[in-house]
Structure formats: structure tokens, C-alpha cells
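J.:
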Amino acid sequence: MFIIDGCCPLLVDRSKIQDYREGGCSIVTPTVGQNYGYSLTYGYVKEWFDFVNSSEDLLLIKDLSDLEKLQNSQKLGVVFHFQGTDAIEGDIDNVTVFKQLGVNIMQLTYNKKNLIGSGCEVEQDQGLTSLGLDFIDKCNKEKVIIDCAHTGEKTSLQAIERSSSPVIISHANPYECHATHSSRNVSRKLIKAIADNGGVIGLTGFPPFLTSDNHPSTECFMKHLNYLIDTAGIEHVSLGLDYYEGMSPYMSDVEAKAFYDKMKSRGDWSDDYTPPPHYYPEGIETPKKIKNLIPIMQKYGYKDSDIAKVMGENLLRIYKEVW
1046 MFIIDGCCPL
1056 LVDRSKIQDY
1066 REGGCSIVTP
1076 TVGQNYGYSL
1086 TYGYVKEWFD
1096 FVNSSEDLLL
1106 IKDLSDLEKL
1116 QNSQKLGVVF
1126 HFQGTDAIEG
1136 DIDNVTVFKQ
1146 LGVNIMQLTY
1156 NKKNLIGSGC
1166 EVEQDQGLTS
1176 LGLDFIDKCN
1186 KEKVIIDCAH
1196 TGEKTSLQAI
1206 ERSSSPVIIS
1216 HANPYECHAT
1226 HSSRNVSRKL
1236 IKAIADNGGV
1246 IGLTGFPPFL
1256 TSDNHPSTEC
1266 FMKHLNYLID
1276 TAGIEHVSLG
1286 LDYYEGMSPY
1296 MSDVEAKAFY
1306 DKMKSRGDWS
1316 DDYTPPPHYY
1326 PEGIETPKKI
1336 KNLIPIMQKY
1346 GYKDSDIAKV
1356 MGENLLRIYK
1366 EVW
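Counting from 1 along the sequence shown, just add 1045 to a position and that's the residue number in the numbering used here.
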């Protein structure tokens, strides 16, 4: 089965690529840009570009021809992903620069307001800016997938309306399924708008977006997945599991708390991000276990053809449509 995890910040540690391979992944999407400017981000993307191209068992996916090569090889595909657009620095021509290095997915914001639009934690979402409208057009022209994870609802809806290509939410969960209604999750209205646009919503395993319990059960994860499928339709749900370096077992509790405090002090995370330890859902605790979701979904009555769509085929369809 073709498996894609659409959000892989854990790969800040490149040695963890092996964990995703063990979990059955065909494509991974490392976060190669977040809340940093052009210069720092360009250097980091170039490091990743050189790393992938020098690895015999990895293939950088830049266009449709690379997807075709991947499907006829034993290599692990790599798709570069921005979580935020700070690296654009107000110059939409930088979209072209990063596209040429393989950045094929760009998330509009990371929780806060930026030059493109408003993040999901902004109290008064003012929608896309004038630059944001131009950014959407540029992404469409350059065949870059627009991602509305971490983005405010008004900004997201305007991006969907503006875009001539399907828009995704790479990693988020249904707002209605979380007892405390995390601002990082998405409303039924936005889920349906993404589906109507032809896009996908990637379910995340990040514990604070599933439940107030930092050790979510399989049942909790499946509650969110079932809701997404019922609301959006099976063709519009994917995986964006969002394994990250501060999770258990990759960091000790002490290290994880220090990482959490740093993210909060920088303003990247709010109180919606409950403190660690963060244990990912039972059965899929680490990337090594992603393929366990197949028998889990089978137990919930899903047929294999529908499981294949969620595990990777839906995102693969988006890649083929946009690139």
C-alpha cells in the first residue's frame, strides 16, 4: 500500500528517515521552513536538497516525472514542506526560488499573523493581505500546493476561493471532536470547503489536538478520523501525523519540557498546546508503526480500497493534479 505522511517535522533529525521507512512510508514530507527568514531557510533547504540528492535510497520529488520514477523504484520519496511563509519575506519571486529547490508545499501561516494572512490563533482574522492574494496566484503558477494548516478560517476560506488548484490542510483535526475545542483544529465549515475545492485534510496524531489527555487512545484517534471521513468524504482525508522531536520516546520528559518552554517563549505555541510528555495514539506511537493503521481501520469496518485512499492515494492525487 502506498503510504504518505503529509507532515514530518520529526525529520529535523534526518536519521529518523529510517523510522518512516520501517513504518511502510513511500513518501515523507520534512518541514524545511518555518518561522525563519529567507537566508536561514535557504541554507537549510539547500542542506536538505544536497542530502537527499546524495542519498542512493532517497528521491527528491519535484515534479510528475519524479513521481513516476518513484513508483518504479524502491526509493523513499521526499517532498519538501514549509510550515509558514516567513522565508518569502514579502517577495513572491522567492516562491520560484524555493520551488526550484523542491519546496512543493507551502503553508500560509504558523498560528500568528504574517505578511500573507492571519494564523489560527489571531483573534481578529483579517483574511488574506494584498500580498497574500498575489502569493496564492504565484503558487498556482509555480505548481506549489497551498496548505492552510495553522491558518485562520477567514484566511483559509479566501485562499480556497482564490486558488485555481486544490488546497490542502496538511495536519489538523476536527474542532467538534475535541472537548476543549483547540484553535488549531478546523471547523465543519472549513472541512467541507476543502472537500468542495477538491483538497484533502490530513489527520494529525499530535496529542493536544486530539484530546486533553496526552496519551490518546486508538478510539480517540478513530473518532476524529471517522468524523473527517463522514464530513469530507473518503476522497478528501489523508495523514499528516506530525510526529516531532519533542515527543515520547524521542525525548526525555525533562528535555521535552525544555523544548515546550522554548516554543511557548518564542510565541510559536499557545496554551492550546498542552505540556508534555506527548504520547502519540495507541497503536501508532511512532513512525515505525504507521502501517498499523491499516489493520486498525479494517477493524472499524473500512474496506481496503478506502484505507488505501486515506493512507496515501488521496494525497498522491493532489500531487498529480497540482504538479
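All residues carry an ideal CB built from backbone N, CA and C; glycine is no exception.
Taking only runs that begin and end inside the segment 1338-1366, name each unbroken alpha helix (DSSP H) of 4 or more residues, in chain order.
T.: 1338-1344, 1349-1353
J.: Whose C-beta lies closer than 6 Å to the C-beta of Lys-1199 among residues of the same chain, with five residues either side of it excluded?
T.: Counted from its first residue, the sequence shown places residue 1199 at position 154. The residues are Asp-1170, Gly-1172.
J.: Please work out which residues of its chain come closer than 6 Å, Cβ to Cβ, to Gln-1128, disregarding the five sequence neighbours upstream and downstream, and give them in chain order.
T.: Here residue 1128 is taken as the residue at index 83 of the sequence shown, counted from 1. Taken in chain order, the residues that qualify are Thr-1076, Gln-1079, Gln-1152, Tyr-1155.
J.: With a threshold of 8 Å, are at least 3 pairs of Cβ atoms found where one atom belongs to the segment 1338-1358 and the other to the segment 1194-1214?
T.: no
J.: Excluding the 5 residues preceding and the 5 following Gly-1177 in the sequence, name in chain order all residues of the same chain whose CB lies nearer than 6 Å to its CB.
T.: Here residue 1177 corresponds to residue number 132 of the sequence shown, with the count starting at 1. Result list for Gly-1177: Ile-1161, Gly-1162, in chain order.
J.: Between which two residues does the beta strand (DSSP E) containing Gln-1145 stretch?
T.: Counting from one through the sequence shown, the residue named residue 1145 turns up at place 100. Gln-1145 -> not in any beta strand (DSSP E); alpha helix (DSSP H) instead, spanning 1138-1145.
J.: What number of angstroms, rounded off, separates the C-alpha of Tyr-1083 from the C-alpha of Thr-1130?
T.: Sequence index remark: in the sequence shown, residue 1083 carries index 38 (1-based). Sequence index remark: in the sequence shown, residue 1130 carries index 85 (1-based). Cα to Cα, Tyr-1083 sits roughly 9 Å from Thr-1130.
J.: Quick check: the segment 1307-1314 against the segment 1227-1243, are there 3 or more CB pairs under 8 Å?
T.: no
J.: Name the residue from Ser-1227, Leu-1105, Phe-1143, Glu-1221 whose alpha carbon lies nearest to the alpha carbon of Val-1189.
T.: Looking up residue 1189 in the sequence shown gives position 144. Selected option, being the one with the closest Cα: Phe-1143.
J.: Which of the three DSSP states is assigned to Asp-1050 in this structure?
T.: As a first step, residue 1050 must be located in the sequence shown, where it is residue number 5. Note: Asp-1050 maps to strand in three-state DSSP.
J.: Tell me the DSSP bridge mates of Gly-1285?
T.: By one-based count along the sequence shown, residue 1285 stands at place 240. Answer is none; Gly-1285 lacks a bridge partner.
J.: From Ser-1133 to Gln-1203, what does the alpha carbon distance come to, in whole angstroms?
T.: Stepping through the sequence shown from its first residue, residue 1133 is reached at position 88. Stepping through the sequence shown from its first residue, residue 1203 is reached at position 158. Per the sequence shown, residue 1133 should be read as Ile rather than Ser. Spanning the two alpha carbons is a distance of roughly 20 Å.
J.: With distance defined between alpha-carbon atoms, name the residue in Tyr-1289, Ser-1209, Lys-1354 nearest to His-1323.
T.: Translated into the one-based positions of the sequence shown, residue 1323 becomes position 278. Comparing Cα positions, the closest option is Tyr-1289.
J.: Round the Cβ separation of Val-1090 and Ile-1106 to the nearest angstrom and send it over; I've been treating them as touching at under 8 Å.
T.: Position 45 of the sequence shown, counted from the start, is the residue given in the question as residue 1090. Position 61 of the sequence shown, counted from the start, is the residue given in the question as residue 1106. Contact flag wrong, Cβ pair sits at about 14 Å.
J.: Within 10 Å of its beta-carbon, does Glu-992 have 16 or more other beta-carbons around it, so buried, or fewer, so exposed?
T.: The structure shown does not extend to residue 992, since the chain is modelled only from 1046 to 1368, so the question has no answer here.
J.: Return the residue from the list Lys-1120, Gly-1244, Leu-1284, Gly-1147 that minimises the CA-CA distance to Ile-1049.
T.: For the purposes of this step, residue 1049 is identified with residue 4 of the sequence shown, where counting begins at 1. Ranking Lys-1120, Gly-1244, Leu-1284, Gly-1147 by Cα distance to Ile-1049 puts Leu-1284 first.
J.: Measuring straight from C-alpha to C-alpha, what distance separates Asp-1136 and Ser-1227?
T.: As a first step, residue 1136 is located in the sequence shown; it is residue number 91 there, counting from the start. As a first step, residue 1227 is located in the sequence shown; it is residue number 182 there, counting from the start. If I take the Cα positions, the gap works out to 32 Å.
J.: So Tyr-1081 and Pro-1332 are supposed to be a Cβ contact under 8 Å. How far apart are they, rounded?
T.: Here residue 1081 refers to the residue found at position 36 of the sequence shown. Here residue 1332 refers to the residue found at position 287 of the sequence shown. Not confirmed; about 24 Å, so no contact.
J.: Select from Asn-1242, Thr-1256, Ser-1208, Ile-1181 the residue whose C-alpha is nearest the C-alpha of Arg-1229.
T.: Residue mapping note: residue 1229 aligns to position 184 of the sequence shown, counting from 1. The residue with the shortest Cα to Cα distance from Arg-1229 is Thr-1256.
J.: Here's the rule: buried if 16 or more other CB atoms are within 10 angstroms of the residue's CB, otherwise exposed. What is Gly-1312?
T.: Start at 1 with the first residue of the sequence shown, and residue 1312 comes out as number 267. Gly-1312 counts as exposed, since fewer than 16 other C-beta atoms from the protein chains shown sit within 10 angstroms of its C-beta.
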